[in-house]
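The sequence shown begins at 1 in the working numbering and counts up by one.
Positions of the beta carbon are idealized from the N, C-alpha and C atoms, including for glycine.
Keep in mind it's a predicted model, so treat the numbers as computed, not measured.
Below: the structure, in C-alpha coordinates.
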Amino acid sequence: MNRFSNAFLITLTCFIVVVIATDLQVYASATPERKELLLALIPIKYTLPLAVWLIASAFARWKPGANRMKEREE
(Lines of atoms letter the chains of each structure in order from A and count residues from 1; the text may use other names and numbers.)
(Lines give C-alpha, C1' and ligand atoms only; values in the text may rest on other atoms or scores of the structure.)
Protein backbone atom coordinates (compact mmCIF):
# COMPACT_ATOMS: atom_id res chain seq x y z
CA MET A 1 0.00 0.00 0.00
CA ASN A 2 2.80 2.39 0.88
CA ARG A 3 4.60 1.79 -2.43
CA PHE A 4 1.37 2.47 -4.29
CA SER A 5 0.81 5.67 -2.31
CA ASN A 6 4.33 6.90 -2.98
CA ALA A 7 4.07 6.10 -6.69
CA PHE A 8 0.71 7.87 -6.85
CA LEU A 9 2.13 10.96 -5.13
CA ILE A 10 5.14 11.07 -7.44
CA THR A 11 2.91 10.71 -10.50
CA LEU A 12 0.51 13.37 -9.27
CA THR A 13 3.38 15.73 -8.46
CA CYS A 14 4.83 15.27 -11.96
CA PHE A 15 1.40 15.90 -13.47
CA ILE A 16 1.00 19.14 -11.53
CA VAL A 17 4.49 20.31 -12.54
CA VAL A 18 3.78 19.55 -16.22
CA VAL A 19 0.45 21.38 -16.08
CA ILE A 20 2.07 24.42 -14.48
CA ALA A 21 4.89 24.45 -17.06
CA THR A 22 2.39 24.16 -19.90
CA ASP A 23 0.28 26.96 -18.47
CA LEU A 24 3.32 29.20 -18.18
CA GLN A 25 4.13 28.63 -21.85
CA VAL A 26 0.54 29.34 -22.89
CA TYR A 27 0.41 32.43 -20.66
CA ALA A 28 3.66 33.80 -22.11
CA SER A 29 2.30 33.76 -25.65
CA ALA A 30 -1.28 34.86 -24.87
CA THR A 31 -2.94 38.14 -25.74
CA PRO A 32 -3.80 40.53 -22.88
CA GLU A 33 -7.50 39.55 -22.97
CA ARG A 34 -6.61 35.88 -22.91
CA LYS A 35 -4.20 36.46 -20.01
CA GLU A 36 -7.06 37.80 -17.91
CA LEU A 37 -9.08 34.66 -18.61
CA LEU A 38 -6.13 32.40 -17.84
CA LEU A 39 -5.50 34.17 -14.54
CA ALA A 40 -9.16 33.78 -13.61
CA LEU A 41 -9.01 30.02 -14.28
CA ILE A 42 -5.97 29.35 -12.09
CA PRO A 43 -7.85 28.80 -8.79
CA ILE A 44 -10.37 26.52 -10.48
CA LYS A 45 -7.78 24.58 -12.43
CA TYR A 46 -5.44 23.81 -9.52
CA THR A 47 -7.86 23.29 -6.66
CA LEU A 48 -8.81 19.71 -7.54
CA PRO A 49 -5.30 18.33 -8.23
CA LEU A 50 -3.89 20.00 -5.12
CA ALA A 51 -6.75 18.71 -2.98
CA VAL A 52 -6.21 15.19 -4.30
CA TRP A 53 -2.47 15.54 -3.66
CA LEU A 54 -3.03 16.68 -0.07
CA ILE A 55 -5.47 13.86 0.65
CA ALA A 56 -3.18 11.27 -0.95
CA SER A 57 -0.17 12.50 1.02
CA ALA A 58 -2.18 12.33 4.23
CA PHE A 59 -3.19 8.74 3.48
CA ALA A 60 0.40 7.85 2.58
CA ARG A 61 1.52 8.92 6.06
CA TRP A 62 -1.46 7.41 7.90
CA LYS A 63 -0.90 4.00 9.40
CA PRO A 64 -4.06 2.10 10.34
CA GLY A 65 -4.08 0.93 13.91
CA ALA A 66 -1.21 3.16 15.05
CA ASN A 67 -3.36 4.87 17.68
CA ARG A 68 -4.63 1.55 18.99
CA MET A 69 -1.08 0.26 19.36
CA LYS A 70 -0.08 3.36 21.35
CA GLU A 71 -3.06 2.86 23.66
CA ARG A 72 -2.08 -0.77 24.28
CA GLU A 73 1.50 0.20 25.15
CA GLU A 74 0.29 2.63 27.82
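Practice task
Would you kindly work out how many angstroms separate the C-alpha atoms of leucine 41 and threonine 22, rounded to a whole number?
Solution key: Looking up residue 41 in the sequence shown gives position 41. Looking up residue 22 in the sequence shown gives position 22. About 14 Å.
Exercise for the section: Pull up the distance between the alpha-carbon of alanine 30 and that of tyrosine 46, whole angstroms please. Expected result: Along the sequence shown, one-based indexing puts residue 30 at 30. Along the sequence shown, one-based indexing puts residue 46 at 46. The C-alpha of tyrosine 46 is placed about 19 Å away from the C-alpha of alanine 30.
Problem - Alpha-carbon spacing of phenylalanine 4 relative to glutamate 33, whole angstroms - result: Position 4 of the sequence shown, counted from the start, is the residue given in the question as residue 4. Position 33 of the sequence shown, counted from the start, is the residue given in the question as residue 33. Phenylalanine 4 and glutamate 33: Cα-Cα distance of roughly 42 Å.
Exercise for the section: Tell me whether threonine 11 sits in a helix, a strand or coil according to DSSP, three-state version. Expected result: Start at 1 with the first residue of the sequence shown, and residue 11 comes out as number 11. Threonine 11: helix per DSSP, three-state reduction.
Practice task
For the alpha helix (DSSP H) holding alanine 60, just list the boundary residues, first then last.
Solution key: Here the question's residue 60 lines up with position 60 in the sequence shown. For alanine 60, the enclosing alpha helix (DSSP H) begins and ends at 32-61.
Handout entry: Neighbourhood of leucine 38 by C-beta, 8 Å cutoff - its chain only, sequence neighbours within 5 removed
Key = Looking up residue 38 in the sequence shown gives position 38. Non-local C-beta neighbours of leucine 38 in its own chain, meaning closer than 8 Å and more than five positions away in sequence, comprise Asp23, Val26, Tyr27 and Ala30, ordered along the chain.
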